[in-house]
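Let me begin by presenting the structure, written as structure tokens, before commenting on it.
In structure tokens, the structure reads:
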């Protein structure tokens with residue numbers, strides 16, 4: 017696809033909230049010298065701002081090994097990361113294309129060999145990777161789908177890459193989080209990113225809240241149905257089994273929009289707030305979340321903000337952490 021057509025497609029992307037569909041930009045990192053194969057990867061178009069030829073990059077001192085350097089994009093400095101080098105993929109040809117991405121209000125460039133096309137798929141076609149692949153890739157691959165001709169596409173966990181390369185994993189992020197007096201509350205959270213699940217769990221632990229973790233919307237919906245059945249059998253309100261649902265947007269099999277729609281349409285979950293917790297933090301994406309009934313929107317990797325919103329929504333006093 018010509019570069020100009022690709023950028024027009026990105027600019028003209030449609031709003032897919034509540035349809036369980038997504039658009040992914042396909043790209044390659046280069047010919048793997050070990051296997052002689054050129055694998056296909058994908059990134060959600062919602063994260064992509066633009067695609068361009070690799071510009072001149074300035075190498076700064078003391079940068080992580082996979083960080084290529086920085087560029088000035090319309091007057092703003094932006095870090096650039098070589099994805100092949102980050103993933104440890106042995107390729108010979110230098111990357112030709114830079115994908116400019118944005119998440120949580122941060123902009124960064126990813127260097128790749130080439131981009132292919134944009135596909136619209138159903139999240140149900142995106143499957144969680146096999147355990148062996150997930151372990152070998154260190155959680156970098158969050159979903160896999162099969163195209164015609166037995167062609168597999170692997171979705172890259174952009175959040176994990178940015179989290180690990182930006183030094184966000186600091187202990188101070190979780191310091192002084194208020195601990196709730198009443199711990200008889202349970203939060204069900206779902207996210208396909210292992211990094212995000214880890215941060216959420218650390219935040220909830222600091223607050224003294226019980227929690228249930230799921231890796232995608234489908235499994236979260238199955239767990240919610242199990243909890244609703246248990247509440248009915250026990251003759252107790254559902255809020256005694258799950259007090260709040262915290263959901264990511266992008267997830268294989270069922271995304272956060274569809275999960276929210278199902279929860280809000282089911283009277284069994286009346287009184288259970290749904291908080292959307294996502295790196296897609298633009299005003300447009302927040303509007304999409306509210307259109308399907310999300311009660312509140314919290315950007316990722318801000319534990320104190322998440323704790324504040326949870327405390328407000330769950331009610332009850334809290335006390336400062338020791």
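In this note's numbering, the protein residues as written are 17 to 338. The beta carbon of each residue, even a glycine, is placed where N, CA and C say it ideally should be.
Taking a 10 Å sphere around the C-beta of residue 232, we find 16 or more other C-beta atoms and assign the residue as buried. Residue 176 sits away from residue 161, with the two beta carbons spaced by 8 Å or more. Taking the Cβ atoms as the reference, residue 68 lies roughly 7 Å from residue 116, within the contact range of under 8 Å. Residue 266 counts as buried, since at least 16 other C-beta atoms from the protein chains shown sit within 10 angstroms of its C-beta.
Annotated as distal: residue 315 and residue 158, with beta-carbon spacing of 8 Å or more.
Per DSSP, reduced to three states, the secondary structure at residue 159 is strand. Where residue 172 is concerned, the enclosing beta strand (DSSP E) starts and stops at 167-172.
As DSSP reads the structure, residue 229 sits in a beta bridge with 205. Residue pairing of residue 113 in beta bridges, as defined by DSSP: 69 and 128. In this structure, residue 243 sits near residue 257, with a CB-CB distance shorter than 8 Å. Assigned with DSSP and collapsed to three states, residue 86 falls in strand. Between the beta-carbon of residue 230 and that of residue 202 there is about 13 Å, and that puts the pair past the 8 Å contact cut. Rounded to the nearest angstrom, the gap between the Cα atoms of residue 103 and residue 174 is 12 Å.
Between residue 108 and residue 178 a beta carbon distance of about 26 Å is seen, past the 8 Å cut, so the two are scored as non-contacting.
Look at the beta carbons and you see the region 34-43 not touching the region 82-95: under three pairs across the two are nearer than 8 Å. Only residues of its own chain outside the window of five on either side were considered, and among them 161 have a CB closer than 6 Å to the CB of residue 141, listed in chain order. In the DSSP assignment, residue 105 forms no beta bridge with any residue.
Counting of Cβ neighbours within 10 angstroms places residue 163 among the exposed residues, the total staying below 16. Taken atom to atom, the span from the alpha-carbon of residue 273 to that of residue 218 is near 25 Å.
DSSP places residue 321 within a helical segment (H, G or I) once states are collapsed to three. Between residue 293 and residue 322, the C-beta gap is smaller than 8 Å, which places the two residues in contact.
Under the DSSP assignment, residue 270 falls outside any alpha helix (DSSP H); it carries neither an H nor an E label. The criterion of a C-beta distance shorter than 8 Å is not satisfied by residue 70 and residue 85. For residue 220, the enclosing alpha helix (DSSP H) starts and ends at 210-223.
For residue 281 and residue 63, the gap between their C-alpha atoms comes out near 28 Å. Residue 236 carries a helical assignment under DSSP once its states are collapsed to helix, strand and coil. Of the residues 224, 238, 99 and 249, the one whose Cα lies closest to the Cα of residue 327 is 224.
Rounded to whole angstroms, the gap between the alpha carbons of residue 209 and residue 285 is 25 Å. Here residue 44 is near residue 129, since their CB atoms are less than 8 Å apart. Per DSSP, residue 98 is one residue of the beta strand (DSSP E) stretching across 92-98. The three-state secondary structure of residue 147, taken from DSSP, is helix. The three-state secondary structure of residue 241, taken from DSSP, is helix.
Apart from sequence neighbours up to five positions away, the residues of its chain that approach residue 213 with a beta-carbon distance below 8 Å are 205, 207, 229 and 231, ordered along the chain. One Cα belongs to residue 277, the other to residue 287, and the distance between them is close to 14 Å.
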